[in-house]
Amino acid sequence: SHHGEWFLEELRKMRSASVLVDVTLCAEGKEIPCHRVVLAAWSDYFRSMFSVGLSESKKSKIEMGGVSADALQLLVDYTYTSKIKITSDNVQALFQAADMLQFDEVCDKCEKFLQGNVDIETCLGIWIIADRVSRRCLAKTAKDWALKWFEEVCATEEFLQLPVHLLKAYISDEGLLAKKEERILEVVMLWVRHDLKEREEHLKELLKCVCFTRIDEDYLKNILKTDKVLAGVRGIKPMMKRQVTHALSRQILQKDIIVLGGITGIEHTVNGKAYRLELDSNCIDTSPLPKPFQDSRGIAACVIRNNIVVTGGDKSMSQAWRYKAFQNTWIKMANLRTRRYDHGMAVLGREVYVVGGAKNGRTSPWTGLPERSMIPDVEVHSKKRDRWKITEALPLAVSNFGIAACCGKLYVFGGESKDEDRTDTIQCFDPTMCRMWSLEMWMPEKVSHVSACTINSKIYLVGG
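If you're matching positions, the sequence shown starts at 1 in UniProt numbering and goes up one per residue.
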């Protein structure tokens, strides 16, 4: 308002002219004159300092320890202008000063700035800052980046500056995507050697976060011979052997392609195998799908945290199995609530969704075949309880559609509706809007059997 702007301008003039200035804040040799009442109006820290009888309430000069002079100047200027310029160079000192002095609005601005600047180079530094000022949402965002880009992040200078409690949380997190367990051992040793005198005492505790059962035995024998620091850890050999009965749940990132099932090209029979291919070589191996899927058409699959979840099929309509790629094993999951095939699956917010599809009804007197009907039901899997829960249904029941998650939403493209007519609808599920589906728009043409995938926040449709 005009009155507020005029008032702030008058306060700035009074401060510049040292009119009624009654306190000077000092930091790193710099003196910043100001008014107690202005500081107290913006900060509970200063309000308490000046109003509850502390010794500072009577001093004309107050030494501000633990705060950089530049950050303190920015905060004092903010109380007179309500404006502040946050940059990559000043955000860390400013955030810590604002947190200490309880400038809540400035803290929120710093958090917003950092949320928009998280990347491979900055994520660990931002995680450290967020941990210091107890900003959980920001800490989670930064940590998630670090977990996803382990190899690249460990090559940054910020990695070597991680406090031990954050390093332990990092390498023990089950979401860490490492190419192999040997790399985790290597980065632990790299971090310790960066300041061996101070950090060697933490080595044994950090080694408990390494799953030695996943490390090649010859590699371990060799490193124990060549690395005196590691070999010198008291009880290192028994520690490695004890972990035979202790497997961490962390997944190891493998750059493989898994091809599941399908129809053979000649006999048009169901292919009940899973093929594993490396990106830079031919097919490595094959293995059979779980028995319920071996003669089943119309199954669906999705990838979650390096596991593959497979559901449904015309001969296995309620079946659900999880494939653990690292261990090359299949694990039975709870059955689906709704029997289905020719459906779709996707991962949204670390949850597996099973969407739509078709089911068989009574046998038709005309064809002698089961009557096929579309189902709108949508299910989401609860990992903790291993059960499927029915959630908001599709507005339009379809099968053989494209499905993809993008920007926190789930999209269903085209498909076959009743009477197996192709559709041109795009259906969208937004979990933040009361878990509701909506009809977003229409595609240029009617399609079914289309594949969809998300790359860099864009959805691409192929085939159909």
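Cβ coordinates follow ideal geometry from the N, Cα and C atoms, glycine included.
Residue burial classification, residue i (beta-carbon count within 10 angstroms, cutoff 16)
{"i": "asparagine 117", "result": "exposed"}
{"i": "lysine 143", "result": "buried"}
{"i": "tryptophan 330", "result": "buried"}
{"i": "arginine 437", "result": "First, the residue type needs correcting, since residue 437 is tryptophan and not arginine in the sequence shown. Result: buried."}
{"i": "alanine 71", "result": "buried"}
{"i": "lysine 359", "result": "buried"}
{"i": "arginine 12", "result": "exposed"}
{"i": "methionine 433", "result": "exposed"}
{"i": "glutamate 416", "result": "buried"}
{"i": "valine 270", "result": "buried"}
{"i": "tyrosine 341", "result": "buried"}
{"i": "glutamate 181", "result": "buried"}
{"i": "isoleucine 129", "result": "buried"}
{"i": "leucine 176", "result": "buried"}
{"i": "isoleucine 215", "result": "buried"}
{"i": "glutamate 111", "result": "buried"}
{"i": "proline 292", "result": "buried"}
{"i": "leucine 138", "result": "buried"}
{"i": "residue 468", "result": "An answer regarding residue 468 cannot be provided, because it is not within the stretch 1 to 464 covered by the chain."}
{"i": "leucine 196", "result": "exposed"}
{"i": "arginine 136", "result": "exposed"}
Closest by C-alpha distance to residue i, when choosing among the options
{"i": "valine 76", "options": "Ala139, Gln92, Ala27, Asp108", "result": "Ala27"}
{"i": "cysteine 211", "options": "Gln73, Met441, Gly368, Ile184", "result": "Ile184"}
{"i": "cysteine 100", "options": "Asp119, Gly65, Ser438", "result": "The sequence given here places methionine at residue 100; cysteine does not occur at that position. The candidate whose alpha carbon is nearest that of methionine 100 is Gly65."}
{"i": "glycine 125", "options": "Thr423, Ala98, Val153, Gly235", "result": "Val153"}
{"i": "serine 399", "options": "Gly356, Ile308, Pro292, Ser51", "result": "Gly356"}
{"i": "leucine 160", "options": "Lys180, Trp191, Thr454, Gly313", "result": "Trp191"}
{"i": "lysine 204", "options": "Leu177, Ala178, Glu198, Ile236", "result": "Ile236"}
{"i": "asparagine 335", "options": "Asp342, Ser382, Ser318, Cys406", "result": "Ser318"}
{"i": "isoleucine 86", "options": "His35, Ala69, Phe103, Leu114", "result": "Leu114"}
{"i": "lysine 23", "options": "Ile84, Arg132, His35", "result": "Here residue 23 turns out to be valine, not lysine, going by the sequence shown. Closest option to valine 23, Cα to Cα, is His35."}
{"i": "alanine 98", "options": "Lys59, Asp419, Arg132, Ala397", "result": "Arg132"}
{"i": "asparagine 328", "options": "Leu289, Ala320, Phe293, Gly361", "result": "Leu289"}
{"i": "isoleucine 84", "options": "Ser373, Val106, Ser48", "result": "Val106"}
{"i": "lysine 241", "options": "Ser82, Lys225, Leu207, Lys273", "result": "Leu207"}
{"i": "valine 67", "options": "Gln96, Arg47, Ser364, Ala40", "result": "Gln96"}
{"i": "serine 82", "options": "Val187, Glu186, Val447, Lys109", "result": "Lys109"}
{"i": "arginine 199", "options": "Leu167, Lys383, Arg135", "result": "Leu167"}
{"i": "isoleucine 375", "options": "Ala231, Pro395, Glu217, Val164", "result": "Pro395"}
{"i": "glutamate 186", "options": "Ser316, Ile263, Leu220, Trp127", "result": "Leu220"}
{"i": "glutamate 174", "options": "Lys58, Cys209, Gln73, Ser60", "result": "Cys209"}
Beta-carbon proximity list for residue i, same chain, < 8 Å, skipping 5 on both sides
{"i": "alanine 452", "result": "Gly402, Ile403, Ala404, Tyr411, Phe413, Ile459, Tyr460, Leu461, Val462"}
{"i": "isoleucine 304", "result": "Val347, Arg350, Val352"}
{"i": "tryptophan 366", "result": "none"}
{"i": "histidine 449", "result": "Asn400, Gly463, Gly464"}
{"i": "aspartate 386", "result": "Met333, Ala334"}
{"i": "isoleucine 120", "result": "Trp145, Trp149, Glu152, Val153, Thr156"}
Any non-hydrogen atom of the ligand GTP within 8 Å of residue i CB
{"i": "aspartate 386", "result": "Questions concerning the ligand GTP fall outside what the structure shown contains, since it holds no ligand whatsoever."}
First through last residue of the beta strand (DSSP E) which encompasses residue i
{"i": "tyrosine 341", "result": "Careful: tyrosine 341 lies outside any beta strand (DSSP E) and carries neither H nor E."}
{"i": "valine 23", "result": "23 to 27"}
{"i": "glycine 402", "result": "402 to 406"}
{"i": "cysteine 434", "result": "Looking at the DSSP string, cysteine 434 is not in any beta strand (DSSP E), and its letter there is neither H nor E."}
{"i": "isoleucine 32", "result": "30 to 34"}
{"i": "threonine 329", "result": "329 to 332"}
{"i": "isoleucine 215", "result": "Per DSSP, isoleucine 215 belongs to no beta strand (DSSP E) and is neither H nor E."}
{"i": "phenylalanine 50", "result": "No beta strand (DSSP E) contains phenylalanine 50, which is instead part of the alpha helix (DSSP H) from 44 to 51."}
{"i": "glutamate 351", "result": "351 to 355"}
{"i": "isoleucine 263", "result": "Counting along the chain, isoleucine 263 falls outside any beta strand (DSSP E), and DSSP gives it neither H nor E."}
Beta-carbon gap between residue i and residue j smaller than 9 Å
{"i": "aspartate 424", "j": "glutamate 445", "result": "yes"}
{"i": "residue 500", "j": "isoleucine 62", "result": "Nothing about residue 500 can be reported from this structure: the residues present for the chain run from 1 to 464 only."}
{"i": "arginine 193", "j": "valine 229", "result": "yes"}
{"i": "isoleucine 257", "j": "threonine 338", "result": "no"}
{"i": "glycine 261", "j": "isoleucine 223", "result": "no"}
{"i": "glycine 312", "j": "valine 354", "result": "yes"}
{"i": "tyrosine 80", "j": "valine 38", "result": "yes"}
{"i": "tyrosine 170", "j": "alanine 146", "result": "yes"}
{"i": "glutamate 158", "j": "threonine 122", "result": "yes"}
{"i": "tryptophan 388", "j": "alanine 320", "result": "yes"}
{"i": "cysteine 407", "j": "serine 373", "result": "no"}
Residue i: first and last residue of the uninterrupted alpha helix (DSSP H) it sits in
{"i": "leucine 196", "result": "196 to 199"}
{"i": "threonine 79", "result": "69 to 81"}
{"i": "glutamate 371", "result": "Segment 370 to 374 is the beta strand (DSSP E) holding glutamate 371; no alpha helix (DSSP H) there."}
{"i": "alanine 98", "result": "91 to 101"}
{"i": "threonine 141", "result": "136 to 148"}
{"i": "histidine 165", "result": "164 to 171"}
Cβ shell of residue i (< 6 Å), same chain only, five flanking positions each side left out
{"i": "glutamate 322", "result": "The amino acid occupying residue 322 in the given sequence is arginine; glutamate does not appear at that position. Closer than 6 Å at the Cβ level, and outside the excluded window around arginine 322, lie Asn307, Val309, Ile331, Met333."}
{"i": "aspartate 430", "result": "Lys409"}
{"i": "lysine 30", "result": "Ala69"}
{"i": "phenylalanine 103", "result": "Ser43, Leu75"}
Beta-carbon contacts of residue i that lie in its chain and below 7 Å, excluding the five residues immediately before and after
{"i": "methionine 443", "result": "Phe413, Gly414, Asp424, Ile426"}
{"i": "methionine 14", "result": "Leu20"}
{"i": "histidine 246", "result": "The predicted model places histidine 246 with a pLDDT of 37, which falls under 50 and marks its position as unreliable; any figure quoted below should be read in that light. None."}
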